[in-house]
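Numbering (our numbering), first residue to last: 41 to 142.
Backbone N, C-alpha and C fix where the C-beta goes; we use that ideal spot for every residue, glycine too.
Note that the structure is a prediction, hence the values are computed from the model and not measured.
Here's the structure we're looking at; comments come further down.
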């Protein structure tokens, strides 16, 4: 019984470590896309890296939705692990910025 609990605890610790590591791998690090300091996402990225830029983008999408526009992450990003952009991403970003005001 003690062995079983020890193995279960070790497996649980390993699973949590892997999940945290996977979550951090996608969000931490230097921004490679939001690099223009005159944009809100660029400012967020300079302040807190990918995690802050992601938070800013989610807030922008939320505001746009409140203003009647619909945007999704995968509409501009073809890969949500490295945030690679689609062909229409730059044009859609301009639309997203415009959708911040009513």
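Beta-bridge partners assigned by DSSP to residue 125: 117. Taking the C-beta atoms as reference points, residue 107 is found no nearer than 7 Å to residue 138.
Each of 119, 90, 142 and 115 was checked against the Cα of residue 133, and the nearest Cα belongs to 115.
The Cβ neighbour count for residue 71, taken over all protein chains shown within 10 Å, is at least 16; the residue is labelled buried. About 14 Å separates the beta carbons of residue 136 and residue 73, which is beyond the 8 Å limit, so they are not a contact pair. Rounded to whole angstroms, residue 77 and residue 85 show a C-alpha spacing of 9 Å. Counted as a single uninterrupted DSSP element, the stretch harbouring residue 71 is not any alpha helix (DSSP H), since DSSP gives it neither H nor E. A distance below 7 Å separates the beta carbons of residue 81 and residue 96.
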